[in-house]
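Notes follow the structure.
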Amino acid sequence: MHDYLLFLLGLTPLLAMIILILKVKMPIHYAVLSTLLITLILGGVFWQTPVMDMGSAVVYGTIKGLWPIVIVILAAIYSYNLMNATKSMDILRNVLASVSDDKRIQVLLISWCFGGFLEAAARLRYSCSNPIGILIALGFNPLKAAIASLVANTVPTAFGAVGIPVSVLAEQVNLPVTTLSGTIILQLALFNILLPFVIVAIIGGGMKAIRGVGLITLMCGVSTLIPQYLVAVNLGAELPAFAGSLVSLIVIVFMAKNRKEKTAPELG
């Protein structure tokens, strides 16, 4: 019984933060500070953690939050704004939209490949809002564009911005980052293969929409999965999401350009 009580007490800070953010609608920075206070109180009262140890943990967490997490986020925002200011983002959007007039291929390129790249680079609202905006501008149904982009944004989130969550986790659990990264990719393998089909079905109004683009859709997932795994087990957590999105982008563009069926069907 004692162990169960300690387990529930250990969950209390996490549950408190969720309630403060979602139910109380407290600003995140206040919710996090409140959660820190709850954690310190619980640690001191129930676990008799020395004050020096708690202070060291707070300092360590603060430094870890500033470097590399905050630094990477600031760099990502700067890079994104720089691309917008130089119109590089507009050029990239236009190039992606011009590859094919088939909406099924467009949604794979923009929501899966381009959205995955943005998620790997920044992990901000841009990874969903940008693809959604592009798809709507191309004439997609807004609701379907939003759902497809949100579905596409599930797999890349495992590595976050430049692999920071995985790198930090590997350090905390004392595992080689390459081992942890490779295991995560294997866990995501089925989703990498199946989700492109789901995205096409969402845009096309059903599984019949896959007819004619089945191979491209399959290769979209395969060309994401294989580079991700190879990079993860050899280089670590920073680049798998980049590699997967960029290689799949190249593969889909090549296959779309060499596709025999050029006429795009009417989708439901």
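Oh and the sequence shown: position 58 is 58 in UniProt numbering, straight run, nothing missing.
Ideal Cβ positions, reconstructed from N, Cα and C, are used throughout, including at glycine.
Helix, strand or coil: which one does DSSP assign to residue i?
i	result
M26	coil
A237	coil
M17	helix
K87	coil
G214	helix
F117	helix
Q48	coil
L92	helix
Measuring straight from C-alpha to C-alpha, what distance separates residue i and residue j?
i	j	result
G133	C113	15 Å
P165	L66	14 Å
V213	C220	10 Å
S34	A158	27 Å
I147	D53	46 Å
M83	T49	48 Å
S111	P27	30 Å
L8	I252	48 Å
W47	I63	24 Å
L135	I203	11 Å
G44	I38	10 Å
A189	K25	36 Å
A137	V231	34 Å
Given that a residue counts as buried once 16 or more other Cβ atoms are within 10 Å of its Cβ, and exposed if not, what is residue i?
i	result
V51	exposed
M1	With a pLDDT of only 49 at M1, under 50, the local geometry of the prediction cannot be trusted, and the value read off the model is given with reservation. Per the 10 Å Cβ criterion, exposed.
P142	exposed
R211	exposed
I250	exposed
A85	exposed
L14	exposed
M207	exposed
P131	buried
My understanding is that residue i touches residue j, with C-beta atoms under 8 Å, so please give their C-beta distance in whole angstroms.
i	j	result
T224	S245	7 Å
S98	G115	At roughly 18 Å, the Cβ-Cβ gap does not stay under 8 Å, so S98 and G115 are not in contact.
A152	I185	Contact flag wrong, Cβ pair sits at about 17 Å.
P227	A243	4 Å
Does any C-beta atom of chain B lie closer than 7 Å to the C-beta of residue i?
i	result
I71	Among the chains in the structure shown there is no chain B, since it carries only a single protein chain.
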